Each structure stands twice: as C-alpha cells, then as structure tokens.
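Chains as they are written, first to last, in the working numbering: chain B, 1 to 80; chain X, 81 to 336. For reference, the structure discussed in these notes is given below.
Take a look at the structure:
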C-alpha cells in the first residue's frame, strides 16, 4: 500500500486571514520570532500499490484537492 | 403567463432553492421547476439558477464537490450555448470552481460569518441580469456567507474591468465604493461578476431574500426581472444610459 500525504497551502501573495490571526495570537503569547504563519490543509490518501500512478495523483490535486487560482500543493509518498 | 421557464438546481445542502422558487413562482408568476443535481439532461429550460446554501457541507472548499455533480456538465453546455446562468452565493462559488467565472473565494477577511444588509452599486447595467437597473443604481441586499472574499489575479482583473465583467461592487448607500462598505475584504469591493459573454452571472448577496417589502428590501427583484425581460424581449432591453465603456485610468472611489 502507498500512503500519499497531500499538503495544500495558500499561494504566495494570497491573503491568509486565519494565518495572520494565528500569528498575532502567537506574538501575544510572547513568540515574537514568528515572522509568518500560513494555514493550509493536509489530506491523506491510501492507494493499492498496483493502482498507484504519480500522474493521477497530480491530476487529483489539480482537479479537486487544490484550487490552482489560490492554492499550491505538494505531496509525499511512502509505503505502509 | 410568460413562456420563460426557469430551473433551480438543487444540490445536497442547498438551502435557498425554495426562496428562489418562491420569488419566481409567486412573486413574478413565471414557470419554474427544481432540477435535482443528479439529472444529466434536463429539458425545456430557458434560465438556470444555482442557489445559495452549503452544497456538500462546503467540505474541502465551497462548491468544489458540487462542481462535479452530474448536472454540472449540462450547466456548462447550457452556458456555452448562450443560456442564462445565475449563481447566488454558494451558486457563485460553484461557478468559480467549475471555471464558468474567473477567480476564487477566500475566507472573509474578518474571519467571521457575515449576515447583514449591505449596499451594492450596479457598475454594469448592460448585461441580461441587470438590464432593469439604472447606471450606478444602488441596491440594498442581504449577504450571509463565510467565504465571500473574492480574489482574482491582477492581469485577469484588468481584463475583466475592461470588458465590463465587474457588475456589482459593495458601496455606501450613496453609491461610493469605500473600504468600510466592504463586508468581507473582497478585492476591489467586488460583489458580483459575469463572464466575457455576459450570460453567466455570479453574486454573493441574495436577491431572492430581498424581493418583497416584508423582508426589508425588494431591490433583489430587479435581478430576476432583468433576466425575465431579457428572455421575453428576445433582444436586450437596456435599463438606460450608454453602452458600457471602460475608461482607461479611471479613478477608483477606493483610491480617491
């Protein structure tokens, strides 16, 4: 079995109000070293080895899991 | 009775479908039917409405899953053939996700669900959805959403402005576009846009919830009336004023 971890993050330059609010919260707790907080999504897929194809993972990400207008994605594959 | 027949598409989680149906059937007395999202080839419709709500629970992103419903292929074909498609709130988000309209929705800037009356200014009344409006007319409509913070990349925005695709913008009661009048942080105070061909229109405010005096405003009726007028005339009847022209370097209220 393959495990695919998909990370969806706001594109560079896209406003991330939740990330900004969290950064302010960290600063108010005294963590002034935090320059930026970005909040994204983490999606875990499990796929049978014989059905696994890198190109269809990319297709899944660009068609549904991420919206290319506002989001970037990357993924990691491991054996389970 | 008008021959025009409207179709209101119902996704699992739609919750303004009945309000749209009521406005068309009871207030405007036109033919209207629901279209279940599983239908692949509904027949005999002149205008389609994608209503507000929380299709598929807004999981993943608003509209991201609904956009792959069986009925959406029909909606795409219908739009390509020039049919009128109106997307309200979640319906607007679905039209963005499927690419019939450009851009995307971000979470509201204030991180809060907004539920209030706002004002929008009609910046283009030369499209089938606003033809009954005067140029620059201000409408009082309600918004209720968590992801209404419109975003599109700069180059596309420029093109959209030039082509008159920016139809509604959040403004003051007097029609001045200010930051304070913007309920969700939307780029350029954008509340409603259309496609290049002007037959697909999406807006965040709810015209169906402001179509009779008892609801505090009946300005929303103007959107449905415009569509009906357009369909009945068979040709475009303008609300008045000159044809839309984008003035290069026009001073924006926001920057003024």
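No residue lacks a Cβ here, since even glycine has one placed at the ideal position from N, Cα and C. The structure displayed is predicted, hence computed values, not measured ones.
Per-residue DSSP class, three states only, for residue i
i              : result
residue 72(B)  : strand
residue 306(X) : helix
residue 44(B)  : strand
residue 77(B)  : strand
residue 271(X) : strand
residue 175(X) : helix
residue 81(X)  : coil
residue 168(X) : strand
residue 19(B)  : helix
residue 312(X) : helix
residue 336(X) : Note on residue 336(X): pLDDT 49, under 50, position unreliable in the model; the coordinate value appears next. Coil at residue 336(X), not helix or strand.
residue 100(X) : helix
residue 201(X) : strand
Reference residue i, options the options, closest by Cα
i              : options                           : result
residue 38(B)  : 14(B), 6(B), 54(B) and 58(B)      : 14(B)
residue 181(X) : 159(X), 265(X) and 190(X)         : 159(X)
residue 112(X) : 217(X), 126(X), 189(X) and 290(X) : 126(X)
residue 144(X) : 249(X), 128(X) and 178(X)         : 178(X)
residue 96(X)  : 154(X), 234(X), 223(X) and 241(X) : 223(X)
residue 239(X) : 185(X), 274(X), 252(X) and 227(X) : 274(X)
residue 214(X) : 299(X), 183(X) and 165(X)         : 299(X)
residue 297(X) : 218(X), 237(X) and 258(X)         : 218(X)
residue 44(B)  : 9(B), 11(B), 75(B) and 10(B)      : 75(B)
residue 266(X) : 187(X), 103(X) and 81(X)          : 187(X)
Rounded separation between residue i and residue j - CA only
i              : j              : result
residue 5(B)   : residue 42(B)  : 7 Å
residue 118(X) : residue 33(B)  : 52 Å
residue 85(X)  : residue 110(X) : 7 Å
residue 264(X) : residue 228(X) : 6 Å
Residues that DSSP places opposite residue i in a beta bridge
i              : result
residue 28(B)  : Beta-bridge pairing links residue 28(B) to no other residue.
residue 9(B)   : 72(B)
residue 87(X)  : 113(X) and 128(X)
residue 139(X) : Partner(s): none; residue 139(X) has no beta bridge.
residue 249(X) : 201(X) and 270(X)
For the region 46 to 67 of chain B, enumerate the residues whose C-beta is nearer than 8 Å to any C-beta of chain X, in chain order.
Within the region 46 to 67 of chain B, the qualifying residues are 64, 65 and 67.
Selection of the region 16 to 36 of chain B by Cβ proximity to chain X, strictly under 7 Å:
When CB distances to chain X are screened at a threshold of 7 Å, the residues of the region 16 to 36 of chain B falling below it are 17, 18 and 21, in chain order.
The region 117 to 144 of chain X: which residues have C-beta closer than 9 Å to a C-beta of chain B, in chain order?
Only those residues of the region 117 to 144 of chain X whose C-beta falls short of 9 Å from the nearest C-beta of chain B are listed: 140, 141 and 144.
Residues of the region 208 to 232 of chain X whose Cβ lies closer than 9 Å to any Cβ of chain B, in chain order
Along the region 208 to 232 of chain X, going in chain order, the ones with a CB nearer than 9 Å to a CB of chain B are 229, 231 and 232.
Residues of the region 180 to 209 of chain X whose Cβ lies closer than 9 Å to any Cβ of chain B, in chain order
So the close ones are 182, 183, 184, 185, 186, 187, 188, 189, 190 and 191.
Taking any Cβ of chain B, which residues in the region 152 to 182 of chain X have a Cβ under 9 Å from it, in chain order?
Close to chain B, meaning a Cβ-Cβ distance shorter than 9 Å, are the following residues of the region 152 to 182 of chain X: 176, 177 and 182.
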